[in-house]
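*Asks:* Take 1 as the starting number for the sequence shown in the numbering used here and just add one per residue.
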Amino acid sequence: MFETLIQKLQEDKYLTLETTPQHEPSMHNIIERIKKFKLQDRVDGFSCTDNPLAKLKYNALFAALKLQMEFNKPVIATMSMRDRNKIALQSDLMGANDFDVRAILALTGDPAKMSDQPHAKGVFEANSLMLLKIIKSFNYGMDMSGHPFKIEPKQIFPFAVTNSYAKNFSSLEKKMHLKIQNGAMGIISQPVFDIENAKKLLESFNIAKEGVEGDKQKAQLIFGIFPVTKLRTALFLSAQVPGIHVPQFWIDALEAAHNISEEEEYKVGMQLSQNLFKELNKLHPKIHLMTANRFDVANEIIS
Numbered sequence: 001m002f003e004t005l006i007q008k009l010q011e012d013k014y015l016t017l018e019t020t021p022q023h024e025p026s027m028h029n030i031i032e033r034i035k036k037f038k039l040q041d042r043v044d045g046f047s048c049t050d051n052p053l054a055k056l057k058y059n060a061l062f063a064a065l066k067l068q069m070e071f072n073k074p075v076i077a078t079m080s081m082r083d084r085n086k087i088a089l090q091s092d093l094m095g096a097n098d099f100d101v102r103a104i105l106a107l108t109g110d111p112a113k114m115s116d117q118p119h120a121k122g123v124f125e126a127n128s129l130m131l132l133k134i135i136k137s138f139n140y141g142m143d144m145s146g147h148p149f150k151i152e153p154k155q156i157f158p159f160a161v162t163n164s165y166a167k168n169f170s171s172l173e174k175k176m177h178l179k180i181q182n183g184a185m186g187i188i189s190q191p192v193f194d195i196e197n198a199k200k201l202l203e204s205f206n207i208a209k210e211g212v213e214g215d216k217q218k219a220q221l222i223f224g225i226f227p228v229t230k231l232r233t234a235l236f237l238s239a240q241v242p243g244i245h246v247p248q249f250w251i252d253a254l255e256a257a258h259n260i261s262e263e264e265e266y267k268v269g270m271q272l273s274q275n276l277f278k279e280l281n282k283l284h285p286k287i288h289l290m291t292a293n294r295f296d297v298a299n300e301i302i303s
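1. Have a look at Asp-98, Lys-73, Leu-61 and Pro-74 and flag the residue whose alpha-carbon is nearest the alpha-carbon of Ser-80.
2. Check Ala-18 in the structure and name its three-state DSSP category.
3. Which value, in whole angstroms, describes the spacing of the CA atoms of Phe-223 and Val-246?
4. Is it buried or exposed, Gly-183, if we count other Cβ atoms within 10 angstroms and call 16 or more buried?
5. Run through the DSSP bridge pairs and tell me what Val-75 is partnered with.
6. Please name the residue, chosen from Lys-209, Ile-156, Gln-155 and Lys-200, that lies closest to Lys-174 on a Cα-to-Cα basis.
7. Just to confirm the assignment: which complete alpha helix (DSSP H) runs, minimum length 4, are found wholly within the segment 202-276?
8. Taking the beta carbon of Pro-78 as the centre, do at least 16 other beta carbons fall within 10 Å, making it buried, or is it exposed?
9. For Lys-8, I'd like the list of residues in its chain whose CB is within less than 8 Å of its CB, leaving aside the five on either flank, ordered along the chain.
10. Rounding to the nearest angstrom, what Cα-Cα distance links Ala-64 and Leu-89 in this structure?
11. Between the C-alpha atoms of Lys-150 and Met-185, what's the straight-line distance to the nearest angstrom?
12. Within the same chain, show all residues whose beta-carbon is closer than 6 Å to that of Thr-19, passing over the 5 residues directly before and after it, in chain order.
13. With distance defined between alpha-carbon atoms, name the residue in Ile-187, Asp-100, Ile-87 and Leu-221 nearest to Met-144.
14. Does DSSP put His-23 in a helix, a strand or coil?
15. Are the segment 159-167 and the segment 113-125 touching by the rule of at least three beta carbon pairs closer than 8 Å?
16. Could you tell me if Phe-193 is buried or exposed, where buried requires 16 or more neighbouring beta carbons within 10 angstroms of its beta carbon?
17. Write down the C-beta distance between Ala-198 and Leu-283 rounded to the nearest angstrom, noting that I regard them as a contact closer than 8 Å.
18. Any idea what DSSP makes of Met-290, helix, strand or coil?
19. Kindly give me the distance between the Cβ atoms of Ile-180 and Lys-216, rounded to whole angstroms, as I take these residues to be in contact under 8 Å.
20. Assign Phe-205 to buried or exposed, taking buried as 16 or more other Cβ atoms, counted over all protein chains shown, within 10 Å of its Cβ.
21. Could you check what DSSP says for Gly-95 in three-state terms: helix, strand or coil?
22. So Arg-276 and Ile-225 are in contact, right, with Cβ under 8 Å, and what is the actual spacing, rounded?
23. Suppose only complete runs of 3+ residues qualify. What are the beta strand (DSSP E) ranges in the segment 117-163, listed by chain order?
24. Identify whether Pro-285 lies in helix, strand or coil by the three-state DSSP scheme.
25. If you reduce the DSSP assignment to three classes, tell me which class Leu-107 lands in.
Written out as structure tokens, the structure is:
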């Protein structure tokens, strides 16, 4: 299952779909909405977020297990450094390994002060590089302190993230280089909205791979896409989310459509998003689709 996903990432077209577990003790609604549009037959795998914005959600590892059991598709489970120290991280990895949850997206995580439970404290023993190093140790049959396991874990497949835009792309290159050196097989970008931005990011990724050897050279950049069908969403992303750049032509087009009708605004945003999806598939067909559980939107984008 995971070997097929990695082979597609390295050698073929690749498409994964993000899911965001909800503030409820069940994945039933998400599973049913995926089935409604038969998305499980049109993507190579899924991902599960881990309490984004530090808000309480269903656990990502259990969500990944649930989706894998339901669809027999590989799922990338996010693990955040915000909520666990290195003992808890390793313990979770061991348990997940036994249940074949073995694709892990390493995140530092959003700050705890953003939480809807304001007295929660972030752990942040280190950033996501520590988790990548832990996974590397597991893949060599030992824990973080160098103690060998009596039963070696099954291989874990690590992923990481990067911003999609920076005033100085050399800073992104250094961070991506460290993540590749520490074993990340795929680096998923924040959403891109402009093919020229995507070209620059891909160029920077290739620079980041310089100096790495062996299988690390097979690491791939994965373009994040977040379809935007509302002007207010584009304005928020552009102004408030670091590492994302929404070009002015998107904002202008959505503003003009917004002044006509809500239906026109959706139509224009969807067309822009579909065009970008097609352009990215021509440039570098490795895509991670994020729709905040709007699986109807995902269905339109990939139709």
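The beta-carbon is built from N, C-alpha and C at its ideal position, and this holds for glycine as well.
*Replies:* According to the data block:
1. Position 80 of the sequence shown, counting from 1, holds the residue named residue 80. Of the listed residues, the one whose Cα sits closest to Ser-80 is Leu-61.
2. For the purposes of this step, residue 18 is taken as residue 18 along the sequence shown, with counting starting at 1. Reading off the sequence, residue 18 comes out as Glu, not Ala. Of the three classes helix, strand and coil, the one that applies to Glu-18 here is strand, per DSSP.
3. Taking the first residue of the sequence shown as 1, we reach residue 223 at position 223. Taking the first residue of the sequence shown as 1, we reach residue 246 at position 246. About 15 Å.
4. Taking the sequence shown and counting its residues from 1, the one referred to as residue 183 is at position 183. It counts as buried.
5. Indexing the sequence shown from 1 puts residue 75 at position 75. For Val-75, which the question treats as bridged, DSSP gives the partners Phe-46.
6. Walking along the sequence shown from the start, residue 174 turns up at place 174. Nearest of Lys-209, Ile-156, Gln-155 and Lys-200 to Lys-174, Cα basis: Lys-209.
7. 231-240 and 248-258
8. Looking up residue 78 in the sequence shown gives position 78. Strictly speaking, residue 78 in this sequence is Thr, with Pro absent from that position. With 16 or more other Cβ atoms within 10 Å, it is buried.
9. Locating residue 8 in the sequence shown gives position 8, counting from the first residue. If we look at Lys-8 and ignore the five residues flanking it on each side, its Cβ neighbours are Tyr-14 and Asp-44.
10. Mapped onto the sequence shown, residue 64 falls at position 64. Mapped onto the sequence shown, residue 89 falls at position 89. The straight-line gap from Cα to Cα measures roughly 16 Å.
11. Residue numbering aside, residue 150 sits at position 150 when the sequence shown is read from its first letter. Residue numbering aside, residue 185 sits at position 185 when the sequence shown is read from its first letter. In a straight line, the C-alpha of Lys-150 is about 26 Å away from that of Met-185.
12. Residue 19 sits at position 19 when you count from the first residue of the sequence shown. Ile-30, Phe-46 and Cys-48.
13. In the sequence shown, residue 144 corresponds to position 144, counting from 1. Nearest option by C-alpha distance: Ile-87.
14. Sequence index remark: in the sequence shown, residue 23 carries index 23 (1-based). Coil, per DSSP.
15. no
16. Here residue 193 refers to the residue found at position 193 when the sequence shown is read from its first residue. It is buried - the Cβ of Phe-193 has at least 16 other Cβ atoms within 10 Å.
17. Here the question's residue 198 lines up with position 198 in the sequence shown. Here the question's residue 283 lines up with position 283 in the sequence shown. Their Cβ separation, rounded to whole angstroms, is 6 Å, which keeps Ala-198 and Leu-283 in contact under 8 Å.
18. Sequence index remark: in the sequence shown, residue 290 carries index 290 (1-based). Coil, per DSSP.
19. Working through the sequence shown from its first residue, we reach residue 180 at position 180. Working through the sequence shown from its first residue, we reach residue 216 at position 216. Confirmed, about 6 Å.
20. In the sequence shown, the residue the question calls residue 205 occupies position 205. Classification of Phe-205: buried, given that the 10 Å Cβ count is 16 or more.
21. Along the sequence shown, read from residue 1 onward, the residue named residue 95 stands at position 95. Correct three-state label for Gly-95: helix.
22. Counting from one through the sequence shown, the residue named residue 276 turns up at place 276. Counting from one through the sequence shown, the residue named residue 225 turns up at place 225. It is worth fixing the name first, because residue 276 is Leu in this sequence and not Arg. Contact holds; Cβ gap of about 7 Å.
23. 157-162
24. On the sequence shown, residue 285 is found 285 positions in, with the first residue counted as 1. The answer is coil: DSSP assigns Pro-285 none of H, G, I, E or B.
25. Within the sequence shown, numbered from 1, the residue matching residue 107 stands at position 107. Reduced to three states, the DSSP call for Leu-107 is strand.
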